[in-house]
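Peer 1: Shown below is the structure under consideration.
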Amino acid sequence: MGDVLLRKSKRAGRVSVRVHPSRGVVVTVPYAVPYEAGVRFLMSKKQWVLSVMARQKASSGVPLESGPARIEALRVEAKRYLPERLACLASRYGFVYGRVAVKNNRTNWGSCSTRGNINLNLRLMLVPWHLRDYVMLHELCHLRHHNHGPAFHSLLERLCADYFVTSAVTDGKTVWTCAFPLASRSEYPVSRALERELRTYRIV
Ligand SMILES: [Zn+2]
């Protein structure tokens, strides 16, 4: 299980165990209950804890390989694919941008400058097509809102819902099946689900 943090809480009403993706296992014990009760509870939940840890490990960031030869091959592929796809998305939703550049970037999937120029990461060729389209829609929305405020998020959500749900777009081969709960309590269910899925990939 690795290190376990055993902590007391004045607000906790009962002993509980949480498996945190980065902080590890946390056992919370109500103030009046001895620590031993927390340890006993944890041991009774051991199998569950181990299965959660295994699941988290499997889903936490597929590292995207990036040796020099691979990068060059991807750059060629990305230059052929991404600008054209961006142009399609832009015309579909009435966006006008300046230049588009394909970059070998380690810090983001894409960016949009206040001058209206868009950069796209060549590693987008390594993620599923619907996540590529999601990143491009995200950058296009920055042409109207240069921040991540509520107006930006509602525009992005509107486009994602239209694009992925109403229009049910495909790349010609695969149909994206909605992985998000339709009754999600999130204010932005579609874009948030895509964002979460994108976070399972890691730029290295
Ligand atoms: Zn952004």
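According to my numbering, the sequence shown holds residues 62 to 265 in order.
Glycine is no exception: its CB is placed at the ideal position from the N, C-alpha and C atoms.
(1) Can you tell me whether proline 47 is buried or exposed, with buried defined as 16 or more other CB within 10 angstroms of its CB?
(2) Can you tell which of Val90, Leu183, Arg153 and Gln117 has the C-alpha that lies nearest to the C-alpha of asparagine 165?
(3) Entirely within the stretch 86-143 and at least 3 residues each: give me those beta strand (DSSP E) ranges in chain order.
(4) Expressed to the nearest angstrom, what Euclidean distance is found between the alpha-carbon atoms of arginine 53 and valine 80?
(5) So is the beta-carbon of histidine 209 under 7 Å away from any non-hydrogen atom of ligand 1?
(6) So alanine 162 packs on asparagine 180, CB below 8 Å; how close in whole Å?
(7) Could you give the DSSP three-state label for alanine 162: helix, strand or coil?
(8) If contact is defined by three or more beta carbon pairs under 8 Å, each pair taking one atom from either stretch, is the stretch 213-232 in contact with the stretch 194-202?
(9) Within 10 angstroms of the Cβ of valine 88, are there 16 or more other Cβ atoms? Answer buried if so, exposed if not.
(10) Compute the distance between the beta-carbons of histidine 214 and serine 252, then report whether it is under 8 Å.
(11) Is the beta carbon of histidine 203 within less than 7 Å of some heavy atom of ligand 1?
(12) With serine 70 as the anchor, note down where its alpha helix (DSSP H) starts and where it stops.
(13) Measuring CB to CB, does leucine 192 end up less than 8 Å from leucine 259?
(14) Short of 8 Å in beta carbon distance, which residues of its chain neighbour asparagine 12, apart from the five on each side in sequence? Order them along the chain.
(15) In the DSSP output, which residue or residues are listed as bridge partners for leucine 181?
(16) Would you tell me roughly how many angstroms separate the C-alpha atoms of glutamine 108 and serine 228, rounded to the nearest one?
(17) Just to confirm, is the Cβ distance from methionine 186 to leucine 111 under 8 Å?
(18) Work out the CA separation of arginine 205 and arginine 116 for me, nearest whole Å.
(19) CB-CB under 8 Å to isoleucine 132, same chain, minus the five flanking residues each way: which ones, in chain order?
(20) Less than 8 Å between the beta carbons of valine 76 and phenylalanine 102, yes or no?
Peer 2: According to the structure shown:
(1) With the chain covering only 62 through 265, there is no way to say anything about residue 47.
(2) Leu183
(3) Complete beta strand (DSSP E) runs here, min 3: 123-125.
(4) Limits of the chain in this structure are 62 at one end and 265 at the other, which puts residue 53 out of reach.
(5) yes
(6) Contact flag correct, Cβ pair sits at about 5 Å.
(7) strand
(8) As far as the Cβ criterion goes, the stretch 194-202 touches the stretch 213-232, which means the pair count is three or higher.
(9) buried
(10) yes
(11) Remark: the shortest separation between the CB of histidine 203 and any heavy atom of ligand 1 falls under 7 Å.
(12) It is not in any alpha helix (DSSP H) - serine 70 instead sits in the beta strand (DSSP E) that spans 65-70.
(13) yes
(14) For residue 12 there is no data in the structure shown, the boundaries of the chain being 62 and 265.
(15) Val163 and Gly171
(16) 43 Å
(17) no
(18) 39 Å
(19) Asn165 and Leu183
(20) yes
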